[in-house]
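Numbering (our numbering) for the sequence shown: 155 to 440. For every residue, glycine included, the Cβ atom is placed at its ideal position computed from N, Cα and C. A short worksheet on the structure shown next.
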Amino acid sequence: MKILNYLIFLAIVLAACTKEIPFDEQFPFEGERIVLFAQLNPDSIVRISVSKSFATFDLLLPDELLLPDARVELYEDNNLVETLIYTDSSFFVSANELRPVPGKSYHFKVSHPELDDAESMPETIPDFVPINDFDFYEQGGEMVLDFSFTDNGNQTNFYMVSFWGLRGDLGDYSIWHYFPENLFLQSETECSLINDNTFKDTCLNGETRQFSAIRFDDVICPAEDWKDGRIFFTLRSISPAFYEDIKLRDGTPEPGFGVPPPTFTNVIGGYGTVLAYQEDVVIIEL
């Protein structure tokens, strides 16, 4: 009986101490804003996605968020280059098929009759950093890739490496993507983010460094299965904003019903990201 009375008392106390705060009071909707998303690199024609934000519990189809009647201006080194055109692919693209130039900066100014204007912060296309050499081989049932590159010591640089492949015997189901781990020694914890494939040149400023980066166990990439196919290894030189975007999300768990994690944006008056990179790709035929 004492236990029952204690449980009833505990329930009353907990109920009295609990205050429910509506979601929209904790995280108020600031109204519809323009949302921009673009990744600029010299290998691709400039294009950008333009949409609008919406409240958490709004029921909208993706097409209802697009803004095909927006005006999108592209600037190169702060000079107006052109007004982009809307295409059926839901992107605004350069009618002149402009490709970004390394060393130059680019930003967008976007207006819409029903929304406040938005402008992305200038993004400079990073310099090209080539993969110096590489060696792909089997070792103890694992696939290993050794590679090296030279960092430019005259500036701060940021990098991302990734690895993906196609198995010829599985057709369209063969595509997989893997981010390498353990690029740096355990003593070099300041060199990279939690997802070890993204790092700045803290530990290799101005140096040529050899990495032994990609190892796969029998579950992910059994060596005996790779009789035919192709491996793609990518070294990206990324902008500081690109790095900050990844850094902010680095190791952040999925929010579920908890507090939404912080998000990076470099769009003034709106939301989203406009980021820049340049990459070198090695294709290994198996």
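Query                                                                                                                                                                                : Result
Could you name the residues of the same chain whose beta carbon sits closer than 7 Å to that of Met275, not counting the 5 residues immediately before and after it, in chain order? : His261, Asn420, Ile422
Hey, out of Gly360, Arg201, Phe312, Asn359, whose CA is closest to Leu347's CA?                                                                                                      : Phe312
Output needed for Glu398: all residues of its chain with C-beta closer than 8 Å, excluding positions within five of it in sequence on either side, in chain order.                   : Phe418
With DSSP run on the structure shown, which of helix, strand or coil describes Ile400?                                                                                               : helix
Using a Cβ cut-off of 8 Å (strictly closer), state whether Arg201 contacts chain D.                                                                                                  : No chain D is present in this structure, which holds just one protein chain.
Please list, in chain order, all residues of the same chain as Lys354 whose beta carbon is under 6 Å from its beta carbon, the five residues on each side excluded.                  : Phe312
Nearest by alpha-carbon distance to Asn359: which of Ala395, Leu339, Phe303, Arg384 is it?                                                                                           : Phe303
Could you pull out every residue in the same chain whose Cβ sits closer than 6 Å to the Cβ of Ala430, ignoring the five residues on either side in sequence?                         : Leu194, Glu277, Ile279, Ser393
In this structure, how does DSSP classify Asp197 when only helix, strand and coil are distinguished?                                                                                 : coil
What residue range does the beta strand (DSSP E) around Leu228 cover?                                                                                                                : 225-230
Beta carbon of Leu252, beta carbon of Val235: below 8 Å?                                                                                                                             : yes
Mind checking which residues open and close the beta strand (DSSP E) that includes Asp217?                                                                                           : Premise fails: Asp217 lies in the alpha helix (DSSP H), 216-219, not in any beta strand (DSSP E).
Rank Pro254, Phe288, Arg390, Ala192 by C-alpha distance to the C-alpha of Asp231 and give the top, closest one.                                                                      : Pro254
Apart from the five residues just before and just after Leu220, which ones in its own chain have a Cβ nearer than 7 Å to its Cβ?                                                     : Ser205, Ser244
What three-state label does DSSP hand Asp281 in the structure shown?                                                                                                                 : coil
What is the rounded straight-line gap between the Cα of Leu389 and the Cα of Leu190?                                                                                                 : 25 Å
Where do the N-terminal and C-terminal ends of the beta strand (DSSP E) with Val255 fall, by residue?                                                                                : Per DSSP, Val255 belongs to no beta strand (DSSP E) and is neither H nor E.
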